[in-house]
Every structure is written in C-alpha cells, then in structure tokens.
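Everything on this sheet refers to the single structure shown next.
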Amino acid sequence: MSAVADRYEEFQKLGVEVIAVSVDSMFVHKVWDEEELAKMVDGGIPYPMASDGAGNIGKVYGVYDEAGGVDVRGRFIIDPDGVVQAMEVLTPPVGRKVDEAIRQIKAFQLVRETKGAEATPSGWEPGGPTLKVGPDLVGKVWKVWKP
Amino acid sequence: MAEEEVVGCGKPTGSVVGEPKGETEETTESIKKEDSMVMVKVGGKAPDFEAPAYHKGKFTSVKLSDYLGKWVLLCFYPGDFTFV
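These protein sequences, in sequence, are chains V and D.
Going from the first sequence to this note's numbering is simple: count from 1 and add 146.
Going from the second sequence to this note's numbering is simple: count from 1 and add 7.
Below you can see the structure in the form of structure tokens.
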C-alpha cells in the first residue's frame with residue numbers, strides 16, 4: 147500500500163491511476179490511512195481504497211480466498227481500452243515489488259505506442275533495445291538478443 | 008471523480024457491474040450465474056465493478072469503467088493493518 151503510494155508521482159507521470167481493493171470497509175480504510183499509513187507516506191494514501199466486503203470483485207478477478215475471506219495480493223495492469231495486460235497474484239506473506247509494476251507498465255506503453263511493431267525481450271529495462279517484430283526477425287532473434 | 012457518498016451505518020460492499028446484487032436467487036439461477044460469470048484473463052476485458060471507497064478523507068465510490076482512456080494499476084491486498 148504505502149510502497150505504491152510512495153511512488154505515486156511516478157505512476158501519475160506515466161498516466162496511471164491506482165485503485166486499491168480489500169475486503170475491509172471504507173471506515174477501516176480511513177482509520178488505517180489516518181493512523182498508520184499517513185505516518186509512512188506524507189499526506190496518506192493518495193488514491194482510492196475500495197471496499198469489497200463480500201468478495202464479489204475479488205471472485206471475478208480470481209483473488210478471493212473463500213477460506214480466509216480475504217482478497218489475496220493481486221496486481222492487474224489495465225490499458226486505456228479496459229483490457230487486462232498483466233496480472234500477478236501472490237499469497238499474503240510475500241509483498242510485491244513496485245519497480246516491476248513500473249517496468250511492465252513502461253513496456254506495455256511502448257508496445258502500445260508502436261502499435262505492436264516492437265516487443266520487449268525478457269529482462270527488458272526501459273531504454274533498452276526492443277525487438278522489431280516482423281518476418282525478418284523469425285529465426286534471427288539470436289542476432290539481436292541473448293539471454 | 009465520483010461524488011461523495013452519504014454514509015449510513017451498514018457496511019457497503021463492492022459489486023461487479025452487471026451481476027445481480029442479491030444473495031437470494033434459486034440454486035439453478037446461481038449455478039447459471041457462475042457459468043456466465045466473467046473471469047479475468049490477460050488480453051481480455053477487465054470485469055467492470057463499482058465499489059464504495061475511501062479517498063483522501065472522503066467516502067466516495069469507484070467504478071472501473073470511469074477510468075477508460077487511462078492506464079489503471081488495480082491492486083488487491085489481504086487487509087488493512089496487515090504487515091506486508
């Protein structure tokens with residue numbers, strides 16, 4: 147929560163809106179934000195914290211744990227057309243890495259800007275070489291990219 | 008974005024847009040509901056939802072389809088006051 151909030155400006159610069167969802171009520175969200183998160187991030191959480199008390203949203207996103215009655219950790223990158231481009235789902239004890247979300251968003255934005263003419267190879271970092279997708283690349287990836 | 012909500016004493020929950028809200032359907036109906044329920048997959052449309060939310064000191068609501076035209080990072084997490 148606070149890790150994403152800490153990088154919120156970076157997300158905003160990339161034109162990304164953040165929505166957080168848990169099964170807690172908005173009343174609990176408020177108190178958590180005020181009592182704890184605001185002490186970790188200046189001004190508290192800058193994006194909406196939604197409430198999925200009945201797990202309805204978590205169920206369709208495949209993150210609702212019936213036994214625990216909670217939405218497990220799930221992170222979805224949704225493009226401007228409302229299409230899910232990436233998802234990462236983890237059990238609760240392991241946290242996500244915000245850097246990886248930002249890297250993936252930059253990669254998907256690049257692919258979208260080039261209308262799919264370019265793809266990002268494994269391990270791609272922003273600014274790194276991309277693959278120019280087309281017939282000429284078939285069987286020739288070894289010339290431009292190595293693990 | 009959305010207007011501020013009037014807060015009652017109940018504990019409101021989010022729901023998937025287009026899904027029936029009640030829990031009282033007949034069994035056959037709920038099976039049908041399971042069948043028709045959209046499941047998320049990459050490359051597919053993100054299921055739309057609407058949910059009450061807390062945002063910078065106010066109670067409001069969020070609807071995913073209001074964000075069309077923008078990139079969205081949607082984060083589920085196990086609960087407030089957890090440690091990770």
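We put the beta carbon where it would ideally sit given N, CA and C, even for glycine.
Taking 8 Å as the threshold (beta carbon to beta carbon), is residue i in contact with chain V?
i: Cys16(D); result: no
i: Gly25(D); result: no
i: Ser13(D); result: According to the sequence displayed, residue 13(D) carries Val and not Ser. Cβ-Cβ to chain V under 8 Å: no for Val13(D).
Could you tell me if residue i is buried or exposed, where buried requires 16 or more neighbouring beta carbons within 10 angstroms of its beta carbon?
i: Ala166(V); result: buried
i: Trp288(V); result: exposed
i: Lys205(V); result: buried
i: Thr266(V); result: buried
i: Leu160(V); result: exposed
i: Cys82(D); result: buried
i: Ser171(V); result: buried
i: Glu57(D); result: buried
Using the C-alpha atoms, what's the distance from residue j back to residue i?
i: Ala53(D); j: Pro226(V); result: 11 Å
i: Tyr207(V); j: Val216(V); result: 13 Å
i: Ala149(V); j: Val244(V); result: 7 Å
i: Met186(V); j: Glu163(V); result: 20 Å
i: His94(D); j: Lys286(V); result: Residue 94(D) falls outside the range modelled here, since chain D spans only 8 to 91, and no answer is possible.
i: Pro293(V); j: Lys261(V); result: 25 Å
i: Lys77(D); j: Ala200(V); result: 27 Å
i: Gln158(V); j: Glu26(D); result: 31 Å
Is the CB of residue i under 8 Å away from at least one CB in chain D?
i: Glu163(V); result: yes
i: Ala232(V); result: yes
i: Lys159(V); result: no
i: Ala151(V); result: no
i: Lys252(V); result: no
i: Arg219(V); result: yes
i: Lys185(V); result: no
i: Lys176(V); result: yes
Leaving out five residues before and five after residue i in sequence, what residues of the same chain have Cβ atoms less than 7 Å from its Cβ?
i: Lys278(V); result: Ala263 and Glu264
i: Ala253(V); result: Thr266 and Trp270
Which same chain residues, not among the five before or five after residue i, have their C-beta less than 8 Å away from its C-beta?
i: Asp179(V); result: Gly190, Ile191 and Met195
i: Val47(D); result: Ala53 and Pro54
i: Leu236(V); result: Val218, Arg219, Gly220 and Arg242
To which residues of the same chain is residue i closer than 6 Å at the C-beta, ignoring the five residues directly before and after it?
i: Gln231(V); result: Ile223, Asp225 and Phe254
i: Met233(V); result: Phe222
*At a Cβ cut of 7 Å, what residues of the stretch 194 to 215 of chain V count as close to chain D, listed as they run along the chain?*
Pro194, Met195, Ala196, Ser197, Asp198, Gly199, Ala200, Asn202, Ile203, Gly204, Val206, Tyr207, Gly208 and Val209
*In the stretch 261 to 293 of chain V, which residues sit with their C-beta less than 7 Å from some C-beta in chain D, listed in chain order?*
none
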